[in-house]
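Numbering (our numbering), first residue to last: 2 to 456.
Each residue gets a CB set at the ideal place from its N, CA and C atoms; glycine is no exception.
First the structure, in the form of structure tokens, and then the observations on it.
What follows is the structure, encoded as structure tokens:
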């Protein structure tokens, strides 16, 4: 039975560039798939595009490709990434420029059509309500503040792009699993309604999409025993034509592939294991079988699938106010009491300025910054060496945030003693709300386009 090896190259925008080089050099892979986009990432990219219209894609695609393209070209590895974000054409141009600078001949396929921002009025006229998936709220409540709108495309567009002979495929918003399933559809010629094989491919993508999280990173129990995390090996899948695959990593790399870690990733972000919904297939994860079949080798088989849903998920981002924040640290003795007194001073001064935030959040780093109200009060304050106070507000105008930040430095001279590390006056940050909805797939898929450029 034919097999193909696929490697993971990235789990999020900002992931380390080093592990993917080991995948390319030592992993004996034919494809490397990159998942650069979280839901929050689109909001980050939109802010970047507003500052620079040529932006809107993940900027780390440039150093990534500069390091990776020479190896990929030498070994014949094909690269698939959704680093295009909300400007896949911009990402394709950037990668093409890198190839020219390196003197590498390359065919780049760019997938567009997921961006429906300019089609919102048309789609509403055709009966799409864009009701929020969680609350049922009508889009009209935020319509005038919408800044971007992207649909999650499935693996079919990736397979179609690979069919052009592209060395590099760049997409906009796809599902996290699309970059991994797409090469399997292309490589093995799987039918788009071969639900069980497609379901296996989705599980493969789900296990690999978070890069090192399945090979020993973020390992919950026994993390101290995971070796050489400084050189963690990103996951590699040996995939058979029937969809069965073995999850492993490149020889000589750190981390670990075992049942415990694979199960943790398998359950990640799963709400209903009997109906794991993607644009390509609905998976029944209760049928999946995981087996340790050797050192750093876990076999995955048996996943059943059902027909794909009639709708696709869309994510809209809208302007939702401003966030301001400030920081200051206090030292022993009574560091916690000093920080609480400083917080009281800040609150009183906001009142004096007439600032009435929609939300105000206080946290004491070293005490409750992770656990919030669930964290117990310290039993013995004298054992606390230092505490860092952070106060953040949410407001409708930028000026209130600037006022908050300006009130932190005066605490150095006019607040409790031992204050330090104010860290200047952080700039206000525009907040973006996220709106998740569903749209009939037949209104999106005919608008998908694949353009190919040869460098």
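With residue i as the anchor, note down where its beta strand (DSSP E) starts and where it stops.
| i | result |
| --- | --- |
| residue 353 | That residue, residue 353, is in no beta strand (DSSP E); its alpha helix (DSSP H) goes 336-354. |
| residue 66 | Counting along the chain, residue 66 falls outside any beta strand (DSSP E), though it belongs to the alpha helix (DSSP H) covering 62-76. |
| residue 302 | 298-302 |
| residue 5 | 4-11 |
| residue 364 | 360-366 |
| residue 285 | 283-285 |
| residue 151 | 147-152 |
| residue 390 | 387-396 |
What number of angstroms, rounded off, separates the C-alpha of residue i from the C-alpha of residue j?
| i | j | result |
| --- | --- | --- |
| residue 204 | residue 100 | 33 Å |
| residue 422 | residue 248 | 46 Å |
| residue 303 | residue 283 | 14 Å |
| residue 36 | residue 397 | 33 Å |
| residue 197 | residue 288 | 10 Å |
| residue 262 | residue 43 | 28 Å |
| residue 428 | residue 390 | 17 Å |
| residue 64 | residue 95 | 10 Å |
| residue 366 | residue 373 | 10 Å |
| residue 290 | residue 244 | 12 Å |
| residue 350 | residue 400 | 15 Å |
| residue 133 | residue 311 | 17 Å |
| residue 155 | residue 313 | 9 Å |
| residue 410 | residue 217 | 42 Å |
| residue 80 | residue 333 | 53 Å |
| residue 430 | residue 235 | 34 Å |
| residue 141 | residue 239 | 48 Å |
| residue 21 | residue 210 | 13 Å |
| residue 375 | residue 172 | 42 Å |
| residue 138 | residue 357 | 26 Å |
| residue 40 | residue 316 | 8 Å |
| residue 72 | residue 18 | 14 Å |
Does the distance from the C-beta atom of residue i to that of residue j stay below 7 Å?
| i | j | result |
| --- | --- | --- |
| residue 454 | residue 227 | no |
| residue 34 | residue 58 | no |
| residue 47 | residue 148 | yes |
| residue 16 | residue 251 | no |
| residue 97 | residue 449 | no |
| residue 237 | residue 6 | yes |
| residue 112 | residue 179 | no |
| residue 395 | residue 306 | no |
| residue 159 | residue 440 | no |
| residue 392 | residue 363 | yes |
| residue 266 | residue 214 | yes |
| residue 253 | residue 230 | no |
| residue 105 | residue 74 | yes |
| residue 432 | residue 324 | yes |
| residue 336 | residue 408 | no |
| residue 420 | residue 412 | yes |
| residue 301 | residue 293 | no |
| residue 150 | residue 117 | yes |
Kindly indicate the opening and closing residues of the alpha helix (DSSP H) around residue i.
| i | result |
| --- | --- |
| residue 207 | 196-209 |
| residue 181 | 179-189 |
| residue 46 | 40-52 |
| residue 404 | 399-407 |
| residue 375 | Residue 375 -> no alpha helix (DSSP H), and no H or E assigned at all. |
Is residue i helix, strand or coil by DSSP?
| i | result |
| --- | --- |
| residue 420 | strand |
| residue 333 | coil |
| residue 272 | coil |
| residue 20 | helix |
| residue 236 | strand |
| residue 120 | helix |
| residue 164 | coil |
| residue 132 | coil |
| residue 107 | coil |
| residue 443 | helix |
| residue 259 | coil |
| residue 213 | helix |
| residue 325 | strand |
| residue 90 | helix |
| residue 492 | Nothing can be reported for residue 492: it is not among the residues displayed for the chain, which extend from 2 to 456. |
| residue 172 | coil |
Is residue i buried or exposed, if buried means 16 or more other CB atoms sit within 10 Å of its CB?
| i | result |
| --- | --- |
| residue 127 | exposed |
| residue 295 | exposed |
| residue 175 | buried |
| residue 11 | buried |
| residue 183 | buried |
| residue 119 | exposed |
| residue 82 | buried |
| residue 191 | buried |
| residue 353 | exposed |
| residue 381 | exposed |
| residue 188 | buried |
| residue 30 | buried |
| residue 279 | buried |
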